[in-house]
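Below is one structure, written out as structure tokens, with a few remarks after it.
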Amino acid sequence: MPSAGETRWLEIAVESHPEAVEAVSEILDRVGYNGIAVDVPLDEGRPHLVKAYLAYDRSAPFKVRRVKEAVGRLRAFGLGPVGDVAVRRIADEDWLVSWKSQFTPIRIGPFFLRPSWSDARDEGIELVLDPGMAFGTGLHPTTRQCLEAVGEIELAGRTVLDVGTGSGILAVAAAKRGASRVVAVDTDPVALRAATENAQRNSVQLEVSEGSAGAVPGAFDAVLANLVADVLVAIAPDLRARVGAGGTLVCAGIVEEKAERVAAALADVGLRVVDRDQREDWVRLTLR
Ligand code: SAH
Numbered sequence: 015m016p017s018a019g020e021t022r023w024l025e026i027a028v029e030s031h032p033e034a035v036e037a038v039s040e041i042l043d044r045v046g047y048n049g050i051a052v053d054v055p056l057d058e059g060r061p062h063l064v065k066a067y068l069a070y071d072r073s074a075p076f077k078v079r080r081v082k083e084a085v086g087r088l089r090a091f092g093l094g095p096v097g098d099v100a101v102r103r104i105a106d107e108d109w110l111v112s113w114k115s116q117f118t119p120i121r122i123g124p125f126f127l128r129p130s131w132s133d134a135r136d137e138g139i140e141l142v143l144d145p146g147m148a149f150g151t152g153l154h155p156t157t158r159q160c161l162e163a164v165g166e167i168e169l170a171g172r173t174v175l176d177v178g179t180g181s182g183i184l185a186v187a188a189a190k191r192g193a194s195r196v197v198a199v200d201t202d203p204v205a206l207r208a209a210t211e212n213a214q215r216n217s218v219q220l221e222v223s224e225g226s227a228g229a230v231p232g233a234f235d236a237v238l239a240n241l242v243a244d245v246l247v248a249i250a251p252d253l254r255a256r257v258g259a260g261g262t263l264v265c266a267g268i269v270e271e272k273a274e275r276v277a278a279a280l281a282d283v284g285l286r287v288v289d290r291d292q293r294e295d296w297v298r299l300t301l302r
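Under my numbering, think of the first position of the sequence shown as 15, with each following residue one higher.
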């Protein structure tokens, strides 16, 4: 047993198909200290990683067994592919401190992002976002590129649609820049929960709903779509339909090799590239 001052922790991680994330999260939530974290991959179709941390004490082996049994039942149930339960000891380290220290306050464009536990204050439009729940904590290059775009384009009094909202980061940022109406959609229910929570945390109104660009009626002054190239190509006509007259489409999550293909698919539906930004291998296109 660990002695006082050297609390040890166990990390329990389960890879799961997007469809099973909700169920796996529930199982891990029963044993996890301070809830669970879900790593959502950028590439669609890749498994999510659901993680929980628990104190390495006398009850830990029972908790691990409970998780293994429950996950085993889930597999028997056939609810999406669920991976093995991976248990790892985190020695001589307070995981909470190390986990939190990865998410330090940061300036991006006109925004100042901080996790809820940080009391750092700075100039700029404050966005309070905690990592873990869904993709989009402001740290991925594609998210940064989109946040910068949200900081640059005129949004005051304008309507905005955020397709693939994830944590809701871009939608919240758009609302904070004075957008009159912000609709946020995602195909992943985990994301919708996170976006709703983050809207509340930031005291902004978002219209959050499940689905993609095709499911939303009407047209918007700005459409944000930080997805992946193949999805952007597949839903190009739906994206087109959501961009109102004189409106702007911001697309990101595009690996360099596929940028031409995405631009061509959007040209086919009548949108023209007016700006291109590249960070590492990631391309952001702005179209009108
Ligand atoms: N907008 C956030 C998150 C981007 S990650 C950010 O910029 O950081 C991409 C998100 O798109 C994921 O939450 C994923 O669930 C969602 N997604 C994937 N395919 C989609 C589709 N066809 N329609 C809507 N959302 C989709």
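Even for Gly, the Cβ is constructed at its ideal location relative to N, Cα and C.
Just so we're clear, the structure is a prediction, and the values are computed from it rather than from any experiment.
Could you please give the first and the last residue of the uninterrupted alpha helix (DSSP H) stretch that includes residue i?
i, result
"LEU280", "273 to 282"
"THR210", "203 to 215"
"THR157", "155 to 166"
"LEU253", "250 to 256"
"ALA189", "183 to 190"
Going by DSSP, which residues form a beta bridge with residue i?
i, result
"HIS31", "In DSSP, HIS31 forms no bridge with anything."
"HIS62", "SER30"
"TRP296", "VAL269 and ARG293"
"GLU221", "VAL197"
"PHE76", "PHE76 is not bridged to any residue."
"ARG102", "GLU25"
"TYR70", "In the DSSP output, where bridge partners are listed per residue, TYR70 has none listed."
"VAL142", "ARG128"
"LEU42", "LEU42 pairs with nothing; no bridge assigned."
"ILE122", "PHE125"
"THR262", "ALA236"
Please return the same chain residues whose Cβ sits closer than 8 Å to the Cβ of residue i, not counting the five positions on each side in sequence.
i, result
"ARG275", "ALA243 and VAL247"
Rank the options by C-alpha distance to the C-alpha of residue i and give the top, closest one.
i, options, result
"ALA66", "LEU93, ASP252 and VAL81", "VAL81"
"TRP296", "HIS154, PRO75, SER30 and VAL186", "HIS154"
"LEU169", "ALA193, GLY182, ALA163 and ALA185", "ALA193"
"ALA69", "ALA278, VAL99 and LYS77", "LYS77"
"VAL38", "ILE249, GLY97, PRO55 and LEU56", "GLY97"
"ARG290", "ALA279, ALA278, ASP282 and ALA273", "ALA273"
"CYS265", "ILE120, ASP43, ILE122 and ARG298", "ARG298"
"GLU270", "ARG293, GLY260, ALA100 and LEU280", "ARG293"
"CYS160", "ILE139, ASP133 and ALA188", "ALA188"
"GLY123", "ASP144, ILE167, GLY86 and VAL99", "ILE167"
"LEU141", "ASP282, LEU56, LEU263 and ASN216", "ASN216"
"SER132", "ASP144, ALA34, ARG72 and ILE139", "ASP144"
"ASN240", "VAL222, GLU224 and LEU263", "LEU263"
Are any of the Cβ atoms in chain D nearer than 8 Å to that of residue i?
i, result
"ARG158", "Of the protein chains in this structure there is only one, and it is not chain D."
Please indicate yes or no: does the CB of residue i lie closer than 7 Å to some heavy atom of ligand 3?
i, result
"THR156", "You won't find ligand 3 in this model; what it holds is ligand 1."
Which first and last residues belong to the beta strand (DSSP E) in which residue i is found?
i, result
"ALA236", "234 to 240"
"ASP176", "173 to 177"
"VAL230", "Taken as a continuous stretch (DSSP letters only), VAL230 belongs to no beta strand (DSSP E), as it is neither H nor E."
"ALA134", "ALA134 -> no beta strand (DSSP E), and no H or E assigned at all."
Might you give, ordered along the chain, the residues of its own chain that have their beta carbon closer than 7 Å to the beta carbon of residue i, omitting 5 neighbours on each side?
i, result
"ARG286", "LEU301 and ARG302"
"GLY13", "Nothing in the structure corresponds to residue 13, since the chain is present only between 15 and 302."
"ALA18", "Legend: pLDDT at ALA18 = 42, less than 50; position of this residue unreliable, value from coordinates given subsequently. Answer for ALA18: no residue qualifies."
"ARG256", "LEU175, ALA227, VAL230, ALA233, PHE234 and VAL237"
"PRO95", "HIS31"
"ALA277", "VAL287 and LEU299"
"VAL218", "VAL186, ALA189 and LYS190"
Which same chain residues end up closer than 6 Å to residue i when comparing Cβ atoms and leaving out the 5 residues on each side of it in sequence?
i, result
"GLY150", "Interpretation of GLY150 is limited by its pLDDT of 47, a score under 50 that renders its predicted location unreliable; no figure is taken from the coordinates."
"ALA148", "Low confidence applies here, because ALA148 scores a pLDDT of 42, under 50, leaving its location unreliable; read the following figure in that light. Answer for ALA148: VAL54, GLY180, SER181, VAL204, ALA205 and ALA208, listed in chain order."
"ALA185", "ASP176, THR179, VAL196, ALA198 and LEU220"
"ALA84", "ILE41"
"PRO251", "VAL283"
"ILE139", "PRO124, PHE125 and LYS190"
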